[in-house]
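Notes to accompany the following structure.
In our numbering, the protein residues as written are 525 to 717.
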């Protein structure tokens, strides 16, 4: 089953709807979707290394726009949708502390967390909830999310062939490593941040 999913993802990554799928996942992840866009970005860059940076920019811009939806959820729908999403990540009781941290360090929170595998939807929803400046949020998100995906693209352009060989030879281990990164981001959010 894992091999079929991998083959399907590679086919999607090389297919005509790849860019739309990447943009959709990037947008959704920044506001409500649990999986990072790397699940599509990595195979797409491996399949088309000549388009690595273009794909990274697509990912960064789409993620920033999705972050605007997350911001709106935090600003306008926090008591319903926003709180539910935040509670899924175990942050429901920490929102007042988050709001205070945003008042003092909002710029650094957005920049640093935008570069990490920590779910960005937490940053976008909290920014809206905290009433962080929308224009500044947009530009900080664009910088941090674009840098994050450009770094992935650069690494894959440089080391893509060995990565592809590793994934294809050890697919189960690669899937476990991806799962560890995704779950690790959630664990960091719940217990460390």
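The beta-carbon is built from N, C-alpha and C at its ideal position, and this holds for glycine as well.
Which word fits residue 689, buried or exposed, when buried means at least 16 other C-beta atoms lie within 10 angstroms of its C-beta? Label assigned to residue 689: exposed.
Closest residue to residue 679 among 576, 557, 547 and 539 (Cα-Cα distance): If we check each option's Cα against that of residue 679, 576 comes out closest.
Under a Cβ-count criterion, where at least 16 other Cβ atoms within 10 Å of its own Cβ denotes burial, should residue 579 be classed as buried or exposed? With 16 or more Cβ atoms within 10 Å of its Cβ, residue 579 is classed as buried.
Length of the line joining the Cα atoms of residue 479 and residue 630: It is not possible to answer for residue 479, since the shown part of the chain is limited to 525 through 717.
Taking 8 Å as the threshold (C-beta atoms), are residue 590 and residue 555 in contact? It is a contact, given that the beta carbons lie within the stated cut-off.
Quick check for students: name the residue ranges of the alpha helix (DSSP H) that lie wholly in the segment 530-562, counting only runs of 4 or more. Annotation: the segment 530-562 contains the following complete segments of the alpha helix (DSSP H) (minimum length 4 residues), in chain order: 542-553.
Would you call the segment 594-609 and the segment 545-562 touching, i.e. three or more CB-CB distances under 8 Å? Output reads yes: the segment 545-562 touches the segment 594-609.
Given this structure, state the Cα-to-Cα distance separating residue 623 from residue 602, to the nearest angstrom. A straight line joining the alpha-carbon of residue 623 with that of residue 602 spans about 13 Å.
Coil, strand or helix - residue 594 by DSSP: In the three-state scheme derived from DSSP, where H, G and I count as helix and E and B as strand, residue 594 is classed as helix.
Would you mind working out which of 612, 599, 656 and 608 sits nearest residue 625, comparing C-alpha positions? For residue 625, the nearest C-alpha among the options comes from 656.
Buried or exposed by the 16-neighbour rule on C-beta atoms within 10 Å, applied to residue 562: Around the beta-carbon of residue 562, 16 or more other beta-carbon atoms lie within 10 Å, marking it buried.
Is the segment 537-550 touching the segment 632-645, taking contact as three or more C-beta pairs under 8 Å? Not touching, per the Cβ criterion.
For residue 726, does the count of other Cβ atoms within 10 angstroms reach 16, so buried, or fall short, so exposed? One cannot answer for residue 726 here, as it falls past the ends of the chain, which runs 525 to 717.
Which of the three DSSP states is assigned to residue 657 in this structure? Residue 657: coil per DSSP, three-state reduction.
Using 8 Å for Cβ pairs, my map puts residue 619 next to residue 663. What's the rounded Cβ distance? The beta-carbon separation of residue 619 and residue 663, rounded to 24 Å, does not stay under the 8 Å limit for a contact.
Start and end residues, alpha helix (DSSP H) containing residue 637: Here the alpha helix (DSSP H) through residue 637 covers 619-638.
Let me check understanding here. Comparing Cα to Cα, which of 588, 564 and 541 lies closest to residue 667? When each option's Cα is compared against that of residue 667, the closest is 588.
Does DSSP put residue 642 in a helix, in a strand, or in coil? Coil.
Leaving out the 5 sequence neighbours to the left and right, which residues in its chain are closer than 8 Å to residue 600 when beta-carbon positions are compared? Non-local C-beta neighbours of residue 600 in its own chain, meaning closer than 8 Å and more than five positions away in sequence, comprise 652, ordered along the chain.
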